[in-house]
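Heads up: the sequence shown begins at 137 in this note's numbering, then just goes up one per residue. Since the structure comes first, as structure tokens, the remarks are kept for the end.
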Amino acid sequence: MWFAYLGFLLIGLGPGTVVFLAGPARKSFLVILTLASAFIWLVSLMVVAILVRGFLPLPSGSPYYAAPLLLGVLVQEITRVGLWRVFKLGTKRLEDMAQRMGCAPLSPADYMSMALATGMGHGFAHSMFFFFGLATLSLGPATYYVDKCPDMSLFLYSALASGAMLMLHSFSMVVAFDGYAKGIFKRQALPPIAHFCAASLTLLNLVEGGCAYVLPGMHMCTVGMLVYAASIFLEVTKAAAPPR
């Protein structure tokens, strides 16, 4: 079952890995930033797990499952704001260091790259926490299906959901950090809203055949965030370009 396992990994982690190799992986500082961000997000997810553990087992029903889901989103969004404060302090120190050493200041593209690296840390941490361990079970002699989603294996569903959430978290950080830096409320609010919508969609998995609606919805959130992040990048780099 190694081929199936590798296939699930390519689906769940492949798109994010391609973006990482094309961007943050080109600079060692951004690689370190991605790893540091991943560690912080893993800690936040562990905090959520500890908080939810006290209420297990949950009674059956969507309202009971919605509570830990919303708690997870809330803790992660609080972590995003805290991480922005650390990011702001760190970039200020870098700017001061560059000025003392007579180096060029950070460009808008540098800020975008650092925001993307921070977001990719969030995305990879999410995938490792929710998908990677589950994918290893596909190395066994059989596959798994759930009664509510008989047309798609649990591994394939998890891989597709992981790929969507990895990219959503990656590009959400670009939008959120730009909104925090410029005080634009719409950009500050959009990532938490998209995160909440994508997470809430998973409750449809409790409905017969609901997974057929969950995955398209999650990928629509991801594509929308990608397009918005790309428009911000073009806006920032165009404004920074010297006049001709």
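Beta carbons are placed, not taken as given, at the ideal position from N, Cα and C, and that holds for glycine. This one's a predicted model, so the numbers in the text were calculated from it and none came from an experiment.
Limits of the unbroken alpha helix (DSSP H) element including residue i
i    : result
L194 : It is not in any alpha helix (DSSP H) - L194 carries neither H nor E in the DSSP assignment.
M309 : L290 to K318
V188 : S164 to R189
G257 : P244 to S263
G150 : W138 to A158
S336 : F321 to L337
Beta-carbon spacing of residue i, residue j below 9 Å
i    : j    : result
G159 : A253 : yes
P286 : V311 : no
S306 : H258 : yes
G208 : L181 : yes
I368 : M248 : yes
S263 : G148 : yes
V217 : Y293 : no
F265 : L337 : no
F268 : L302 : no
M256 : T170 : yes
Y141 : L275 : yes
L339 : A202 : yes
P204 : V188 : yes
A300 : A335 : no
G346 : K284 : yes
F223 : F313 : yes
F321 : L206 : no
I186 : T215 : no
Buried/exposed call for residue i, threshold 16 Cβ in 10 Å
i    : result
V282 : exposed
T272 : exposed
A348 : exposed
T279 : exposed
V350 : buried
M250 : buried
A174 : buried
R323 : buried
Y200 : exposed
F291 : buried
W220 : buried
M233 : exposed
A366 : exposed
Identity of the residues DSSP links to residue i by a beta bridge
i    : result
C285 : V282
Would the region 175-192 and the region 223-230 be scored as touching if the rule is three or more Cβ pairs under 8 Å?
Too few Cβ pairs lie closer than 8 Å, so no.
Evaluate the contact criterion for the region 349-358 versus the region 231-248: three or more CB pairs, one atom per stretch, below 8 Å.
No, the region 349-358 does not touch the region 231-248.
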